[in-house]
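Heads up, the thing below is written out as structure tokens.
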């Protein structure tokens, strides 16, 4: 069982997409990761290792315009394109492992992508995990789209985690986008939020929503309205007191990842 990811590339909807796979020799399930805005899957090594030890083959793409994938940096014209690329990764994993169930895990913008994926292709999923998802109402979108000029202000890395090392690593990471939002991307995100709200319930798909109570990047109450719009008959939520945006990188990350694997165990049982 290797903890080193193998990278592969495929022709995405709008350019070459780089994906990673952490292969388990005999997986109980396949975990698919959808990362957040401006970042890349390389930041999820510790998440992948936890899931690998838990018996999963883990995979996921660097979204178009992110990380090692092609495309203008952080330019997204339509989130449906990113969902389609994610589906290519899921189908590839399913071809390699036809038996095991598939669990989709999305963080932040990746939570938006994962929720939309579940609405469109939920029949092929066994469970969904949403971490600090951009859903429902994200005032940042409205405010930035209303601005005449989008400010070129870097993210305050203190909002990511109470662990200062997370912010330092984020600032030093050359694969992370440190520039301003693009108006086209903001519009695409807003359109997708609306589409998800309109589409509604995820039905019987077991869903686990995790969020930090002190998330200033994607505030809890805005996401809650989105969760209420899509919640089906099997929703579990866990709000971590004082945790910030990246709960998988928080000071209590072991607790959070333990809750995720316990949820997956319940669903698989």
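Residue numbers (UniProt numbering): 1 to 269.
Ideal Cβ placement from N, Cα and C applies to all residues, glycine included.
- Distance between residue 144 and residue 8, taken at the CA atoms: about 35 Å.
- Within the DSSP secondary-structure output, residue 186 pairs in no beta bridge.
- The beta carbons of residue 251 and residue 162 sit about 5 Å from each other, so the pair counts as a contact at 8 Å.
- Between residue 83 and residue 117 a beta carbon distance of about 5 Å is seen, short of the 8 Å cut, so the two are scored as contacting.
- Shown here, residue 92 sits in a helix according to DSSP, grouped into three states.
- With respect to the 7 Å criterion, residue 74 and residue 177 are classified as neighbours on the basis of their beta carbons.
- As DSSP reads the structure, residue 29 sits in a beta bridge with 56.
- Taken through DSSP and simplified to helix, strand or coil, residue 7 comes out as strand.
- Looking at the DSSP output, residue 98 bridges to nothing.
- The Cβ atoms of residue 100 and residue 29 sit closer than 7 Å to each other.
- Taking all protein chains in view, the Cβ of residue 171 is surrounded by fewer than 16 other Cβ atoms within 10 Å, so the residue is classified as exposed.
- About 15 Å separates the beta carbons of residue 32 and residue 12, which is beyond the 8 Å limit, so they are not a contact pair.
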